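Per UniProt numbering: the sequence shown ends with 304, consecutive numbering throughout.
The C-beta atom is built at its ideal place from N, Cα and C for all residues, glycine as well.
The structure displayed is predicted, hence computed values, not measured ones.
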Amino acid sequence: MAELLNLNRLAYFTTVMETGSFTAAADRLGVAKAVVSHQIGKLEEELGATLLRRTTRRVSPTEEGRLFYDRAMIILREAEAAYGEISRGAVEPSGTLRLTAPLDYGTKMVAPVMAAYLRTYPHMRIEAIFDDAVSNLVDEQIDLGIRVGWLADSSNQARRLGTIRQTVVASPAFAASLPHDVTPRQARSLAWVGNAQLRGIGQWLFSKDNETVLTELNPIVMCDKSPAALACVLAGIGLGVFPDYSVSDDIAEGRLVPVFADWTLPTGGIHAVFPPARFRPAKVRTFVDLLAAAEKRRSRGALA
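Encoded structure:
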């Protein structure tokens with residue numbers, strides 16, 4: 001079966017059919033006449049059928065040869081179309097881009113980039129999954145995953161796009177109820193709103209100058225999504241830890257205030273994550289480039 005799919009032999013045969021001679025076919029293909037003759041002979045041997053009648057003056061197809069020519073041309077046209085489609089996809093975005101991102105980062109940063117992407121490539125389509133749960137890119141056939149925070153070890157490839165700062169915030173009313181000299185040392189005794197999606201973070205390391213405080217938080221409310229946790233903090237239930245992009249607007253407009261502002265938490269990264277592959281499609285590369293540019297603008301204090 002593998003021999004029957006030798007596209008070179010199909011090309012030799014169809015060229016002989018179109019030119020009417022082995023010599024003319026060899027000239028068109030840029031090979032020796034003996035090569036063409038040998039390849040046609042191998043093709044006939046594999047098929048167990050005579051495709052061409054050869055005389056000293058001309059070459060003519062048998063009935064089997066005419067039928068095989070029609071089928072061979074379909075195969076060659078499909079192969080050419082497939083090659084062209086895939087090779088164009090390596091240069092220009094095509095098809096559907098399937099991506100995933102955390103819910104808050106997706107709505108804040110990825111959605112505006114999607115709009116810019118589709119203005120640039122209006123023929124493209126996007127399937128977006130905004131969810132705090134981490135998707136398996138290979139099993140779910142996802143082209144691109146955006147990860148915020150700290151990457152887990154995996155076989156996926158990754159590109160760092162930016163940095164996030166973790167910020168402790170509260171509603172103005174809740175912040176006003178705290179002692180004026182409160183520090184992270186008292187963090188465990190305070191009311192917090194937790195995010196169940198932040199798996200593996202049982203303790204937080206606060207730093208100030210040369211001083212560090214490692215403490216556990218005390219969630220009195222645990223939410224399953226970041227926007228839900230933020231809504232609870234806005235409602236005044238307790239303190240919350242959020243990435244800077246998630247709360248920057250609320251802080252600027254006075255709905256939230258920073259707490260422990262003199263202290264810092266470990267910074268995390270924003271990464272584009274890809275399934276293992278030797279080549280990355282243009283539809284993925286171009287989107288990631290746009291998102292990286294938006295992250296640069298955000299780091300300078302401007303939203304995408």
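- Each residue's CA atom was taken as its position, placing residue 281 and residue 134 some 22 Å apart.
- For residue 197, the three-state secondary structure derived from DSSP is coil.
- Taking each of 41, 275, 245 in turn and checking the Cα distance to residue 144, the smallest one comes out for 275.
- C-alpha of residue 60 to C-alpha of residue 14: approximately 12 Å in a straight line.
- Residue 35 and residue 69 have their C-alpha atoms roughly 19 Å apart.
- In the displayed model, residue 151 falls within coil according to three-state DSSP, outside both helix and strand.
- Residue 217 places its beta carbon less than 8 Å from that of residue 188.
- Annotation: the segment 230–290 contains the following complete segments of the beta strand (DSSP E) (minimum length 3 residues), in chain order: 240–243, 268–274.
- The C-alpha of residue 63 lies about 46 Å from the C-alpha of residue 124.
- When secondary structure is reduced to three states using DSSP, residue 33 falls in the helix class.
- Here residue 257 is not near residue 238, since their CB atoms are 8 Å or more apart.
- Under the three-state reduction of DSSP output, residue 21 falls in the coil class, being neither helix nor strand.
- With fewer than 16 other Cβ atoms from the protein chains shown falling within 10 Å of its own Cβ, residue 74 counts as exposed.
- Taking one beta carbon from each stretch, the segment 149–167 and the segment 255–274 have 3 or more pairs nearer than 8 Å; the two touch.
- Residue burial annotation: residue 30 is exposed, with fewer than 16 other C-beta atoms found within 10 angstroms of its C-beta.
- Burial check for residue 39: the Cβ neighbour count within 10 Å reaches 16 or more, so the residue is buried.
- Your pair residue 137 and residue 226 does not check out as a contact, with CB atoms roughly 21 Å apart and the cut at 8 Å.
- One alpha carbon belongs to residue 18, the other to residue 48, and they sit about 22 Å apart.
- Straight-line measurement puts the Cα of residue 99 at about 44 Å from the Cα of residue 179.
- Between the segment 236–254 and the segment 165–177, the count of Cβ pairs shorter than 8 Å is three or higher; the stretches touch.
- The residues 59, in chain order, have a CB closer than 6 Å to that of residue 21 in the same chain once the five nearest residues on each side in sequence are set aside.
- When 120, 112, 119 are compared, the shortest CA-CA separation from residue 128 is found for 112.
- As the crow flies, the alpha-carbon of residue 171 is around 39 Å from that of residue 284.
- In the structure shown, residue 66 falls within a helical segment according to DSSP collapsed to helix, strand and coil.
- Out of 53, 71, 235, the CA that lies nearest to the CA of residue 11 is found in 71.
- In the DSSP assignment, residue 39 is bridged to no other residue.
- Between the alpha carbons of residue 263 and residue 197 lies a gap of roughly 24 Å.
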